[in-house]
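Heads up: the structure comes next, in structure tokens.
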């Protein structure tokens, strides 16, 4: 069977290091849609943080989907209908946020157009050549308004699609199991970047959401090509008929992929589409 859907992670995959879609990659994806293929953005980002890329790729005009929060929500770009939504329970979200208070991490949650944090001036020390303002970074890529809350757990009296946990990569690697293990029966935890560990409802993954919404489109896994670079992309790499790792992907993703293309800064998506379409 031929390819009918292209599934794309965003950061480290679709987007260059400058957080842009390269002209060659954009042209390849627009051409694919003209030929009847469905393009699906699949990211850990909130939906709002994916809208600009969806607009640039004309997903609304071509029946594309936004798969956000690592698969906790799927939105039809044409109708703006939410096709799938599985947040964690209020109780689980509040318990997690309380649990996180004992760790040297920066938890972030989203409600509507706001990003809520404990302290907007919290930095990750020891990254790059200077302290990394991860909160400002996250707010800017998602076009969120920043808001401080002293106690996120008390504030979060609504279902959360995701709790984003930021921290120094070495520290997160050391403590992520301690963060997740008490909630292993109620939540899923994955890395989306070395400094991001993301918590969603149990059994949430990009592939789970993808399978749910593609069933109604009559598209099977064998008819999907997917692209990714990080641990939270593993499920779509495994799911797709052709799973493609970016040249900048982690060793785990490269080992799971059917094909390794060039990096996100070298038009890796466009190069692979030329090969497989």
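In my numbering, the protein residues as written are 503 to 779. Ideal Cβ positions, reconstructed from N, Cα and C, are used throughout, including at glycine.
When the options are compared against residue i, the one with the closest alpha-carbon
i, options, result
"residue 565", "573, 534, 592", "534"
"residue 655", "598, 521, 531, 701", "598"
"residue 626", "514, 668, 661, 596", "668"
"residue 573", "638, 663, 609", "663"
"residue 624", "642, 740, 650", "650"
"residue 716", "513, 536, 541", "541"
"residue 570", "707, 729, 778", "707"
"residue 653", "639, 619, 539", "619"
"residue 505", "539, 519, 532", "539"
"residue 748", "740, 739, 765", "765"
"residue 734", "696, 671, 743", "696"
"residue 672", "709, 607, 665", "607"
Unbroken beta strand (DSSP E) run spanning residue i, endpoints
i, result
"residue 598", "No beta strand (DSSP E) contains residue 598, which is instead part of the alpha helix (DSSP H) from 592-601."
"residue 692", "689-695"
"residue 613", "608-613"
"residue 570", "567-570"
"residue 668", "665-668"
"residue 745", "744-747"
"residue 730", "726-730"
Buried or exposed by the 16-neighbour rule on C-beta atoms within 10 Å, applied to residue i
i, result
"residue 699", "buried"
"residue 660", "exposed"
"residue 592", "exposed"
"residue 514", "buried"
"residue 594", "buried"
"residue 724", "exposed"
"residue 640", "buried"
"residue 548", "buried"
"residue 609", "buried"
"residue 614", "exposed"
Contact set for residue i: own chain, Cβ-Cβ below 7 Å, skip 5 residues either direction
i, result
"residue 526", "769, 772"
"residue 605", "677, 681"
"residue 579", "556, 561, 562, 566, 567, 568"
"residue 714", "586"
Three-state class that DSSP yields for residue i in the structure shown
i, result
"residue 714", "helix"
"residue 683", "helix"
"residue 656", "helix"
"residue 700", "strand"
"residue 678", "helix"
"residue 544", "strand"
Limits of the unbroken alpha helix (DSSP H) element including residue i
i, result
"residue 504", "No alpha helix (DSSP H) holds residue 504; DSSP gives it neither H nor E."
"residue 773", "770-778"
"residue 527", "525-536"
"residue 647", "Not the alpha helix (DSSP H): residue 647 falls in the beta strand (DSSP E), residues 647-650."
"residue 514", "No alpha helix (DSSP H) holds residue 514; DSSP gives it neither H nor E."
"residue 638", "636-644"
Sequence-distant residues of its chain with Cβ nearer than 6 Å to residue i (five each side left out)
i, result
"residue 519", "767"
Proximal residues to residue i (C-beta, below 8 Å), its chain only, five neighbours per side dropped
i, result
"residue 558", "523, 528"
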